[in-house]
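Just so we're aligned: 48 in the numbering used here is position 48 of the sequence shown, and the numbers increase by one with no gaps anywhere. Each residue gets a CB set at the ideal place from its N, CA and C atoms; glycine is no exception. It should be emphasised that the depicted structure is a prediction, and the values quoted were computed from it without experimental measurement. Heads up, the thing below is written out as structure tokens.
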Amino acid sequence: MRERWVRQIADPDLVLLDEAVEFAVRWHGNQTRPAGEPYVEHLLEAVCVLVEAVGTTDIDVLRAAVLHDVVEDTECSPEEVRERFGDRVAVLVDWVTKPAPTEGQTREEARAAYLARLQHAPDGALLVKLADRLSNVQRLDTHPRPAKRRSYYQETVRSIVPLAQSHPWFRQWYAVWRETFGHLAVDGAHARPQ
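Quick look at the structure:
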């Protein structure tokens, strides 16, 4: 993919992106996605969407896209991200990292709070989240658990699709996606996006 980005991203920024990819690969190791593909493919796909579809060239946003799951899904700490990639990247990664439940809070409550918090995220963090979720939901039918397919579809419609409204490319993509995957709505019916 890197070869496809040389026209859009300056060489020094490509080097910075390479460093983030190497860091993510080291931390994610042999992790795979639910359908079995290497985890790094998801990270690079999020960057690909931002560069090739949306036209994002902000290197901190692109590095945050590569690193968006490193704190949530590995033993990497937020401090390690900050030390290696700076404050802005660390802040963007923090916005898209689901926190562990606090004392007395269920996983579902923690997840709901995380999704609600995204409504106040800076634009760069929203771009990362929208690209991350796009990568996750475009192959939702391959998830091994049907109940998870339905719940993830519903969560995306309820909490992520509204975030896409201020970004024309994502707004259009999610509208098409919603129609394509509408069969995952609980009752089998789905309303057209408003």
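Query raised in the report: Between V70 and A131, which are expected to be in contact by the criterion C-beta below 8 Å, what is the C-beta distance as a whole number of angstroms?
Result: In fact, because the Cβ distance is near 15 Å, the residues do not count as touching under 8 Å.
Requested in this report: Measure the C-alpha to C-alpha separation of A113 and E103 and round it to an integer number of angstroms.
Outcome: Answer to the nearest angstrom: the Cα atoms are 14 Å apart.
Report task. My understanding is that L134 touches W173, with C-beta atoms under 8 Å, so please give their C-beta distance in whole angstroms. Result -> 6 Å
Query raised in the report: If we call anything under 7 Å between Cβ atoms a contact, is P78 one with A90?
Result: yes
Query raised in the report: Is P38 helix, strand or coil by DSSP?
Result: strand
Query raised in the report: Alpha carbon to alpha carbon, what distance is there between T180 and Q194?
Result: Because Q194 carries a pLDDT of 38, less than 50, the predicted location of this residue cannot be relied on, and the following value inherits that uncertainty. Their Cα atoms are separated by approximately 16 Å.
Query raised in the report: So, using beta-carbon positions, are A24 and V66 closer together than 7 Å?
Result: yes
Query raised in the report: Does the distance from the C-beta atom of K129 to that of V157 stay below 7 Å?
Result: no
Requested in this report: In the DSSP assignment, find the unbroken alpha helix (DSSP H) run with V162 in it and report its ends.
Outcome: Checking the sequence, you will find Pro at residue 162 rather than Val. P162 -> no alpha helix (DSSP H), and no H or E assigned at all.
Query raised in the report: Can you tell me where the alpha helix (DSSP H) with Q119 in it begins and where it stops?
Result: No alpha helix (DSSP H) contains Q119, which DSSP labels as neither H nor E.
Query raised in the report: Exposed or buried, H120, counting other C-beta atoms within 10 Å across all chains shown (16 or more means buried)?
Result: exposed
**Report entry** Residue closest to R7, alpha-carbon to alpha-carbon, out of P122, E52, W177
**Finding:** If we check each option's Cα against that of R7, E52 comes out closest.
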